[in-house]
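Per the working numbering, residue 404 is the first one in the sequence shown, and the count goes up by one each step. For glycine and all other residues, C-beta sits at the position ideal for the given N, C-alpha and C. Here the structure is a predicted model, which is why all the values come from computation and not from measurement.
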Amino acid sequence: MSTLQNDLYLRALLREPTERTPIWMMRQAGRYLPEYRAVRQQAGDFMALCKNAELACEVTLQPLRRFPLDAAILFSDILTIPDAMGLGLYFEAGEGPKFERPVRDIKAIEKLGVPDPEQELGYVMNAVRTIRHELHGKVPLIGFSGSPWTLATYMVEGGSTKNFSLVKKMMFAEPQAMHLLLDKLAQSVTSYLNAQIAAGAQAVMIFDTWGGVLSPRDYREFSLRYMQQIVDGLTREADGRRVPVTLFTKNGGAWLADMAATGVDALGVDWTTDLADARSRVEDKVALQGNMDPSMLYASPQRIEEEVATILASYGHGHGHIFNLGHGIHPEVDPEHAGAFIEAVHKLSPAYHR
Ligand code: CP3
């Protein structure tokens, strides 16, 4: 196995010294890149792209050819697990993900199995192995999964939702059904992430996109508790190196201290929380990833650079910051603005590490 040429990202996650702040972007492989749109068209549809290891590898590497990024992220989706559980995932143009067979009652949940990652999700592991090979140790590869709560919202609603009516109805009216679903998902996510690590993922991230729609009590009971179960079951070392774990609850700024207490290495922070405030609340327990508003990439390169300066100053001196957007990059962004963003971090961050 080749040695890593750029391990800034892994070192920052462990709050070790780095000469500058590493950067990657959530959804860095995606529709804002014309070369991505071309490969997706070639694949036919989004899931066909995810299931083809060579093409998934190609789109994973595309942003790294354009920009000096410090990590690659597996090209896949969080909804691969519910798809492998038999819910029938499909994407309708302009409408986001949908399930043919959503789960709406305890009978449907009782029938769900925990997928074997090397069988039903073997295409994801093949993608991880292919990407890891083709990276030639240039930068580390991030594996990922959705959180049990976030996956449950899609599985119960049958797709994206504004009000979370069906999933909250189940949570409040049939809590034992919801807990059974979340427990099966926590088991599935644990074995899925461990399989990604065995296949070559050098860090993993858990996306809890919808934890922020819960009350503080419900967040602990229905989201954080199951992420804790996952963290407790993850492989934390591979190839003689620690495999850092990042937890990201969008809109979870109020709960960062609770999240840090799970024993993860890093937390993702969205733009609704100031990094200075986040840093003081997690003390020195974890590294922080974030947190520019992705819509800032619509502004001029000069305005983007000013915002990068503000965010670097907000985190302040010292290690343990991974620069990122506070959520995924929007499809309408001009790739040149993404380039200006990344350049600004390269230019301005060394001053914070001296
Ligand atoms: O970051 C990366 O570059 C890696 C790839 C990645 C994708 N999805 C590719 C993708 C990752 C990490 C995800 C995670 C994901 N998927 C999340 C959690 C992160 C987040 O954004 O909060 C969620 C909630 C999903 C579910 C999902 N997948 C939705 C809601 C959509 C539709 C989005 C839209 O804007 O239409 C997807 C599809 C999807 N996943 C695309 C990509 C590049 C767009 C598919 C396309 O049309 O090409």
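Check whether the Cβ of residue i sits closer than 7 Å to any heavy atom of the ligand CP3, and report yes or no.
i      : result
Met573 : no
Lys653 : yes
Phe547 : yes
Thr649 : no
Met450 : no
Leu491 : Rather than Leu, the amino acid found at residue 491 in this sequence is Gly. No, since every heavy atom of the ligand CP3 falls outside the 7 Å radius drawn around the Cβ of Gly491.
Ser563 : yes
Phe744 : no
Asp758 : Coverage of the chain is limited to positions 404 through 757, which leaves residue 758 absent and any answer about it impossible.
Ala765 : Because the chain in this structure spans residues 404 to 757, residue 765 falls outside the shown range and cannot be described.
Thr713 : no
His730 : yes
Ala432 : yes
Thr483 : no
Met695 : no
Phe759 : Within the shown structure, residues of the chain are numbered from 404 to 757, placing residue 759 beyond reach of any answer.
Phe610 : yes
Ile426 : no
Ile476 : yes
Arg443 : yes
Met429 : yes
Gly499 : yes
Going straight from the alpha carbon of residue i to that of residue j, what length do you get?
i      : j      : result
Met528 : Ser717 : 38 Å
Ile745 : Tyr755 : 16 Å
Phe726 : Leu715 : 8 Å
Leu416 : Pro471 : 18 Å
Trp658 : Pro734 : 29 Å
Asn566 : Asp673 : 21 Å
Val570 : Ala712 : 40 Å
Ser703 : Val736 : 11 Å
Thr533 : Pro578 : 41 Å
Phe449 : Thr612 : 20 Å
Ser591 : Ala601 : 15 Å
Glu537 : Met608 : 21 Å
Thr665 : Thr483 : 25 Å
Ile476 : Asp519 : 22 Å
Met630 : Ala589 : 7 Å
Ser683 : Gly723 : 13 Å
Asn758 : Ala641 : In the structure as shown, the chain starts at 404 and stops at 757, and residue 758 therefore has no counterpart that could be examined.
Glu457 : Pro437 : 18 Å
Ala530 : Ala459 : 6 Å
Val517 : Leu583 : 12 Å
Met429 : Gly731 : 5 Å
Arg434 : Arg440 : 6 Å
Thr463 : Gly447 : 17 Å
Glu709 : Arg423 : 17 Å
Gly540 : Asp677 : 34 Å
Ala747 : Pro697 : 15 Å
Under a Cβ-count criterion, where at least 16 other Cβ atoms within 10 Å of its own Cβ denotes burial, should residue i be classed as buried or exposed?
i      : result
Gln445 : exposed
Asp508 : exposed
Ala679 : exposed
Glu739 : exposed
Val406 : Contrary to the premise, residue 406 reads as Thr rather than Val in this sequence. Thr406 is exposed by the Cβ-count criterion.
Arg535 : buried
Asp473 : buried
Pro647 : buried
Arg418 : buried
Ser752 : buried
Ser479 : buried
Phe575 : exposed
Pro619 : exposed
Ser568 : exposed
Asp410 : buried
Pro420 : exposed
Lys587 : buried
Gly729 : buried
Glu513 : exposed
Gly614 : buried
Gly671 : buried
Give the C-beta separation of residue i and residue j to the nearest angstrom, bearing in mind that I take them to be a contact with Cβ-Cβ under 8 Å.
i      : j      : result
Tyr595 : Ser550 : About 12 Å; that fails the 8 Å criterion.
Phe502 : Leu515 : At roughly 12 Å, the Cβ-Cβ gap does not stay under 8 Å, so Phe502 and Leu515 are not in contact.
Ile545 : Ala487 : The pair is not a contact, with the Cβ atoms about 20 Å apart (cut-off 8 Å).
Thr593 : Gly656 : Contact flag wrong, Cβ pair sits at about 26 Å.
Ile481 : Leu554 : 7 Å
Ser563 : Pro500 : 7 Å
Val685 : Asp668 : Contact flag wrong, Cβ pair sits at about 11 Å.
Leu413 : Pro505 : The Cβ separation is near 38 Å, so there is no contact.
### Message
List, from N- to C-terminal side, the beta strand (DSSP E) runs of 3 residues or more that fit wholly inside the segment 527–601.
### Response
Here the runs fully enclosed are 544–549.
### Message
Give the list of continuous beta strand (DSSP E) stretches no shorter than 3 residues that lie fully inside the segment 456–509.
### Response
Listed in chain order, the complete beta strand (DSSP E) runs (minimum 3 residues) inside the segment 456–509 are 492–495, 499–502.
### Query
Which ranges does the beta strand (DSSP E) cover as unbroken runs of at least 3 residues, wholly within the segment 611–671, from first to last along the chain?
Counting only runs that start and end inside the segment 611–671, the beta strand (DSSP E) elements of at least 3 residues fall at 648–652, 669–671.
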